[in-house]
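Undergrad: To convert, note that position 194 of the sequence shown is 214 in our numbering; the numbers rise steadily by one, no gaps.
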Amino acid sequence: MADVTVSGDYLKFGVGNNGSLIDFTTFTGLQYDPTGTGTFTSATDFLTPGSPFAFYSIGVGGSSATASVYGGNPFGSSTADFSLSGTTYVATSGGTYNGLKITQTITFDTTSNIIHTNVVLRNTSSATLNNLAFAVGFDPDQDSNSYGTSDTDNKILSQGVGAAVQATGLFTGYTVKLSSTGGWSGNAGVYGWNTDPYYLATAVTGNSYSDDTISLGYHFDSLAKGKEISIGYDLTVTAVPEPETYAMMLAGLGLIGAAVRRRRSA
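1) Taking C-alpha atoms, which residue in Lys-32, Lys-245 and Val-24 lies nearest to Thr-45?
2) Could you spell out the range, first to last residue, of the beta strand (DSSP E) harbouring Leu-31?
3) May I ask you to report which of helix, strand or coil DSSP gives Asn-138?
4) State the Cα-Cα distance for the pair Asp-53 and Gly-182, rounded to the nearest angstrom.
5) Got a sec, what are the start and stop residues for the beta strand (DSSP E) Tyr-229 sits in?
6) When the Cα atoms are used, what is the spatial distance from Tyr-76 to Ser-166?
7) With Val-139 and Ile-42 assumed to form a contact (beta carbons below 8 Å), what rounded beta-carbon distance in angstroms separates them?
8) Within a Cβ cutoff of 7 Å, which residues of the same chain sit near Thr-265, ignoring the five residues on either side of it in sequence?
9) I need the boundaries of the beta strand (DSSP E) containing Tyr-90, first residue and last residue.
10) Would you call Thr-48 buried or exposed, if buried means 16 or more other Cβ atoms sit within 10 Å of its Cβ?
11) Can you tell me whether DSSP reads Asn-174 as helix, strand or coil?
12) Enumerate in chain order the residues of its own chain whose CB-to-CB distance from Val-156 is below 6 Å, with the five nearest sequence positions on each side excluded.
13) Do Ile-234 and Tyr-211 have their beta-carbon atoms positioned less than 9 Å apart in this structure?
14) Straight-line CA distance for Trp-204 to Gly-56?
15) Taking Leu-190 as the reference, which of Gly-119, Gln-179, Gly-202 and Asp-171 has the closest Cα?
16) For Asn-165, name the three-state secondary structure that DSSP assigns.
17) Can you list, in chain order, the residues of its chain whose CB lies under 7 Å from that of Thr-64, leaving out five sequence neighbours each side?
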């Protein structure tokens, strides 16, 4: 069991042995080929420029831990992948935290631009577990390597069931969206590299053009002995559909910046 890298027509991505995105053996985060030809030799990586950052975190009873490049593998998980009929599965298993067993399965159709993730949290303790939280997120840097900026246009699209947040690189025109799919109420947000699942499940944030993380957070009051919670979320990568749309986004950002400068000089 080790870090794995998966390639398709549009996406190439890495998963660490701890289950978080980024394969640090090959230094692969998330790469995108808009032509759909599976050519990633000079592809933009969304996650590895600067300080690579992707994570998921779990809370039980008010305490929490984070799996990431910086947090290591606090749950003792291991990752493996296998393929079947054009679909690749990346399974992370064996992880536990304070009586909660963590199993994650990534499902990826190699012809698509979407990565599906399902996380199952099961109470393996001898009693009810209270005050549970889960969060997942990353720092999108798709404009960094080619254009020298780590800022992205970050927008919260929806909250609750179907919560979603996206980050667009205004120079590449590439957008990465994180969206909840499992039926639970989620909290989508834009944050300054915070990984605390309790905070990410409840904090209220707004849109920004900044070098911040985007994430989804969930909170659950309790989980009875032997019961489980299944959380689903998608990661989708797209390109700005039309050059005119891209130009309007850049123009809008320029107008905002000009207005700010005028106010400061007044």
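Quick reminder that beta carbons are idealized off the backbone N, C-alpha and C, glycines included.
Computed from a prediction, not measured in an experiment: that's the story for all the values here.
TA: In brief:
1) Checked all of Lys-32, Lys-245 and Val-24; the closest Cα to Thr-45 is Val-24.
2) Start and end: 31–35.
3) Looking at Asn-138 - three-state DSSP - the assignment turns out to be strand.
4) Looking at the two C-alpha atoms, the distance is approximately 27 Å.
5) Looking at the DSSP string, the run of the beta strand (DSSP E) that includes Tyr-229 is 228–230.
6) Inter-residue distance for Tyr-76 and Ser-166 is about 28 Å (C-alpha atoms, whole angstroms).
7) Contact between Val-139 and Ile-42 is ruled out by a C-beta separation of about 17 Å, above the 8 Å threshold.
8) Its pLDDT being 49, under 50, Thr-265 is placed unreliably in this model, and the value from its coordinates should be taken loosely. Closer than 7 Å at Cβ, skipping near neighbours: no residue.
9) For Tyr-90, there is no enclosing beta strand (DSSP E), since its DSSP letter is neither H nor E.
10) Buried, by the Cβ-count rule.
11) The answer is strand: DSSP assigns Asn-174 an E or B state.
12) Excluding the 5 residues flanking it on each side, Val-156 has same chain C-beta neighbours closer than 6 Å at Tyr-76 and Leu-236, in chain order.
13) Cβ atoms of Tyr-211 and Ile-234: closer than 9 Å.
14) Looking at the two C-alpha atoms, the distance is approximately 33 Å.
15) Nearest C-alpha to Leu-190: Asp-171.
16) For Asn-165, the three-state secondary structure derived from DSSP is helix.
17) Sequence-distant partners of Thr-64 (beyond 5 residues in either direction) whose C-beta falls short of 7 Å from its own C-beta, in its chain, are Gln-51, Tyr-52, Gln-162, Asn-165, Ser-166, Thr-192 and Tyr-194.
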